[in-house]
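Everything on this sheet refers to the single structure shown next.
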Amino acid sequence: GENVEQHPSTLSVQEGDSAVIKCTYSDSASNYFPWYKQELGKRPQLIIDIRSNVGEKKDQRIAVTLNKTAKHFSLHITETQPEDSAVYFCAASGGYQKVTFGIGTKLQVIP
Amino acid sequence: ETGVTQTPRHLVMGMTNKKSLKCEQHLGHNAMYWYKQSAKKPLELMFVYSLEERVENNSVPSRFSPECPNSSHLFLHLHTLQPEDSALYLCASSQEPGTGASTDTQYFGPGTRLTVL
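Chains as they are written, first to last, in this note's numbering: chain A, 2 to 112; chain B, 54 to 170.
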C-alpha cells in the first residue's frame, strides 16, 4: 500500500517569512496530491491540490510542487500570517477512493 | 452549517454502551468515508462507501459497524469499545466520476470527539 511521510512535524516561523512542508510517497501509481489545513478544533479543509500531470500549482500565497521522479511534493506558504497557524496534512491518492495521509505538520506563525 | 455535518459533536461512553455516530452530506456526492484521527498519528481510513456499497474496510475491529442507508447518510455504530478507541472520528464525502477513476477531493465534516471511559 501507499506510504506517505511528512516533514517537519512542527514548524515555527516569523510572520512574513516563508514556510515549506515536504512529503514523500511510495506508490508510483499515485496521481493526486491534496493538501489540507486543520485549525484547532475544526475540520480538515482542502487548501490546494495537484495532479501528476502538473509540476507546480500556485494560489495566491500558497504553492505546491511535485517531483514524480523523486516521489516527493512540497507545500510553500509565502508571507506567512498568524492565521496560517494550523496543522497541515499532505495526502497521496492513486487507487479508487483511497487517500493516504501524512502525519501532519503543526505550523506556528509568530507575530 | 452546510456541506458535511456530523452528530453528535462530542460523545462520552462507557465500554459497555452502544452508540451511533451520524454523518450527513448535502453536496450531492456519491462516496462517503469514515476516518479516525488520533493524536500524533496520520488520519486512518476506516470505511469507504461508494453508491451505498462498502468498498473498503481497513481491518477495522468488529466493534465498529458502518451503515450507509443512502448516498447522503452514513452511520458508525459503536459497541463494547475500548479506551484506545477514544479519538476524533471524521466523516468525509467526495464525488467519484466513475469506476476506476482516481480519488477526487474529499470534504470533511467537523468530527465527533469520542471519549471511551
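Don't be surprised by glycine CBs; every beta carbon is placed ideally from N, CA and C.
The Cβ atoms of Leu127/B and Cys76/B sit closer than 7 Å to each other. For Thr11/A, the enclosing beta strand (DSSP E) begins and ends at Thr11 to Gln15. Met85/B is classed as buried because its beta carbon has at least 16 other beta carbons within 10 Å across all chains shown. Only exposed fits Arg62/B, as fewer than 16 other CB atoms lie within 10 angstroms of its CB.
Two segments are said to touch when three or more pairs of C-beta atoms, one from each, lie closer than 8 Å; by this definition the stretch 44-56 of chain A does not touch the stretch 6-15 of chain A. When the alpha-carbon of Cys24/A is set against those of Arg62/A, Asn32/A and Lys72/A, the nearest one is in Lys72/A.
The beta-carbon of Pro61/B is placed no less than 7 Å from the nearest beta-carbon of chain A. For Leu12/A, not one C-beta of chain B is nearer than 7 Å to its own C-beta. By the Cβ criterion, the stretch 37-54 of chain A is in contact with the stretch 70-90 of chain A, since at least three pairs of Cβ atoms, one from each stretch, lie closer than 8 Å. Residues of the stretch 88-112 of chain B that bring their beta carbon within less than 8 Å of a beta carbon in chain A comprise Lys93, Lys94, Pro95, Leu96, Leu98, Val101, Ser103, Val108 and Glu109, in sequence order. When 8 Å is used as the limit between beta carbons, Gly164/B is near these residues of chain A: Arg44, in chain order. Following the DSSP letters along the chain, one finds Asp60/A inside the beta strand (DSSP E) bounded by residues Glu57 to Asp60. Interface criterion not met: the Cβ of Thr133/B is under 7 Å from no Cβ in chain A. Taking 7 Å as the CB threshold, Thr58/B stays off the interface with chain A.
Cβ contact annotation for Val100/A (same chain, cutoff 6 Å, sequence separation greater than five): Ala92 and Ser94, in chain order.
Two segments are said to touch when three or more pairs of C-beta atoms, one from each, lie closer than 8 Å; by this definition the stretch 95-104 of chain B does not touch the stretch 54-73 of chain B.
At a cut-off of 7 Å between C-beta atoms, Ile49/A does not count as an interface residue with respect to chain B. Rounded to whole angstroms, the gap between the alpha carbons of Thr70/A and Asn32/A is 12 Å.
Contacts between Leu64/B and chain A, judged by CB atoms closer than 7 Å, are missing: the closest CB pair is about 16 Å apart.
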